[in-house]
Amino acid sequence: SPPGRSCVCLVQTSRGSRVCRRPRSRSCSPLLLLRAEDTVQSQLHHSECQRAKSSLRLGVGCPVLDLLLRGGLPVGAITELSGESGAGKTQLGLQLCLSVQYPPEHGGLSSGALYICTEDPFPIRRLQQLIAGQSVLRSDVPSSLISALCFSDHIYIEHTADLESLKVCLSRRAPLLLARGLVRLVVVDSVAALFRCEFQADDWLERNKQLLIFSSMLHHLSQEFDTPVLCINQVTDVFSHSANSLGPSSSSVCPALGLAWANRVMVRLMMLRLQGTASRGDQHSTLRRLEVVFAPHLAREGRDVTVWREGVCGFVLPK
Numbered sequence: 081s082p083p084g085r086s087c088v089c090l091v092q093t094s095r096g097s098r099v100c101r102r103p104r105s106r107s108c109s110p111l112l113l114l115r116a117e118d119t120v121q122s123q124l125h126h127s128e129c130q131r132a133k134s135s136l137r138l139g140v141g142c143p144v145l146d147l148l149l150r151g152g153l154p155v156g157a158i159t160e161l162s163g164e165s166g167a168g169k170t171q172l173g174l175q176l177c178l179s180v181q182y183p184p185e186h187g188g189l190s191s192g193a194l195y196i197c198t199e200d201p202f203p204i205r206r207l208q209q210l211i212a213g214q215s216v217l218r219s220d221v222p223s224s225l226i227s228a229l230c231f232s233d234h235i236y237i238e239h240t241a242d243l244e245s246l247k248v249c250l251s252r253r254a255p256l257l258l259a260r261g262l263v264r265l266v267v268v269d270s271v272a273a274l275f276r277c278e279f280q281a282d283d284w285l286e287r288n289k290q291l292l293i294f295s296s297m298l299h300h301l302s303q304e305f306d307t308p309v310l311c312i313n314q315v316t317d318v319f320s321h322s323a324n325s326l327g328p329s330s331s332s333v334c335p336a337l338g339l340a341w342a343n344r345v346m347v348r349l350m351m352l353r354l355q356g357t358a359s360r361g362d363q364h365s366t367l368r369r370l371e372v373v374f375a376p377h378l379a380r381e382g383r384d385v386t387v388w389r390e391g392v393c394g395f396v397l398p399k
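This is the structure we're talking about:
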């Protein structure tokens with residue numbers, strides 16, 4: 081090989097993924113992927129684990145789910161919520177956009193939310209329905225406080241049709257809103273949509289490189305501004321399970337984007353649709369289950385949930 085030539089290598093280690101260059105040799109493949117044998121949990125940064133143990137959380141607004149998550153989403157970290165279509169992922173994301181606006185004593189962060197849509201139009205009607213039902217969902221909060229909050233005025237919506245516009249949003253729009261204290265939550269719905277559209281199966285190296293850039297931008301926002309980041313993800317079918325499965329052992333699906341993305345997430349949650357239904361008055365809801373797939377501070381367990389007009393709630397069988 082000519083002197084001075086180099087090849088691009090994507091290296092995955094216990095500290096995460098990084099793109100580097102190394103001198104080209106005759107035995108060096110242009111595309112080199114080194115994968116560590118560590119478990120996914122051991123690939124979390126020590127600083128992120130310390131943040132997960134801090135007391136500051138963004139509550140979901142339901143005591144059953146907040147108990148499962150030990151108070152809610154940790155600030156300064158990326159939380160992934162994956163699941164099949166219709167599982168309730170977007171509804172939980174919308175609910176968090178309202179929860180963040182409450183003061184800390186009620187599980188919020190006294191600020192707004194940035195909601196980035198990469199796939200579907202923003203569900204404004206469902207948001208309005210959730211706002212109207214806050215007094216029912218949040219019976220722990222004084223009605224005077226709920227009435228004083230102008231929820232819809234503090235949710236900033238961005239639509240990004242491609243990766244380039246998404247990176248522009250994360251590098252310009254999001255830092256501006258966070259620096260001004262206008263938002264303390266960033267939601268990306270969904271993270272897999274653009275990567276699936278823009279890359280074919282044989283473009284895996286470039287896709288993983290772009291995933292690394294994207295996740296690094298999210299990490300910077302979450303840690304620089306002490307902000308929780310929620311990434312809603314799609315799922316793919318799996319045909320066998322192993323001890324290193326990236327999804328719940330009871331599920332036939334796993335989160336999309338593979339290990340390159342999983343290494344960059346600190347908390348991984350999954351919403352599953354169950355067979356049963358629940359009824360309450362004139363409302364009927366398909367049962368779901370919110371599972372903790374992994375997190376450095378949470379047990380690997382789950383809770384059944386229902387979706388009512390006022391929002392996503394933990395389901396407890398009446399005694």
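Residue numbers (the working numbering): 81 to 399. We put the beta carbon where it would ideally sit given N, CA and C, even for glycine.
Counting the other Cβ atoms within 10 Å of the Cβ of P222 gives fewer than 16, which makes it exposed. A residue is called buried when at least 16 other Cβ atoms come within 10 angstroms of its Cβ; C230 does not meet this threshold and is exposed. In the structure shown, N343 falls within a coil segment according to DSSP collapsed to helix, strand and coil. Fewer than three Cβ pairs drawn from the segment 135 to 145 and the segment 271 to 284 lie within less than 8 angstroms of each other, which leaves the two stretches out of contact.
Beyond the five residues adjoining it in sequence on each side, S332 comes within less than 7 angstroms, by CB distance, of D317, V318 in the same chain, given in chain order. Look at R260 here: in three-state DSSP terms it is coil, with no helix or strand label.
Around the Cβ of G156, a 10 Å sphere holds 16 or more other Cβ atoms; the residue is buried.
In the structure shown, V221 falls within a coil segment according to DSSP collapsed to helix, strand and coil. DSSP, reduced to helix, strand and coil, places D306 outside both helices and strands of the structure shown, so it counts as coil. In this structure, Y182 is the residue among Y182, I204, S302 with its C-alpha nearest to the C-alpha of G192. Relative to the Cα of S190, the nearest Cα in the group E304, S179, I196 belongs to S179. Cβ-Cβ separation between L378 and L149: approximately 7 angstroms, consistent with a contact (criterion under 8 angstroms).
Within the model, the alpha-carbon separation for L153 versus Y236 is close to 20 angstroms. In this structure, T159 and V392 do not form a Cβ contact; the two beta carbons are roughly 15 angstroms apart against a cut-off of 8 angstroms.
Where P143 is concerned, the enclosing alpha helix (DSSP H) starts and stops at 143 to 148. The residue among M297, F202, D306, R344 with its C-alpha nearest the C-alpha of L243 is M297. Proximity to E238 across L257, R344, I226, S227 peaks at L257, based on C-alpha coordinates. Secondary structure note for L136: it is in no alpha helix (DSSP H), with a DSSP letter that is neither H nor E. Straight-line spacing of the CA atoms in Q208 and P255 works out to 27 angstroms. If the five residues before and after T357 are omitted, its C-beta is found closer than 7 angstroms to the C-beta atoms of H364, S365, T366, L367, all from its own chain and listed in chain order.
Annotation for F374: the continuous beta strand (DSSP E) segment containing it runs 363 to 374.
Where T240 is concerned, there is no enclosing beta strand (DSSP E), because DSSP gives it neither an H nor an E. Distance between L246 and P398, taken at the CA atoms: about 45 angstroms. Sequence-distant partners of E381 (beyond 5 residues in either direction) whose C-beta falls short of 8 angstroms from its own C-beta, in its chain, are L148, E371, V372. Taking the Cα positions, L337 is about 25 angstroms away from R252. R360 is not a Cβ neighbour of R383, given a cutoff of 8 angstroms. By the C-beta density criterion, P308 is buried, having at least 16 other C-beta atoms within 10 angstroms. Setting aside the 5 residues that flank it on each side, C249 is surrounded in the same chain by I196, E238, T240, each with a C-beta closer than 8 angstroms to its C-beta; the list follows chain order. Residue pairing by DSSP places L349 opposite L161, V372 in a beta bridge. Under the three-state reduction of DSSP output, Q314 falls in the coil class, being neither helix nor strand. The DSSP-derived three-state label of A358 is strand.
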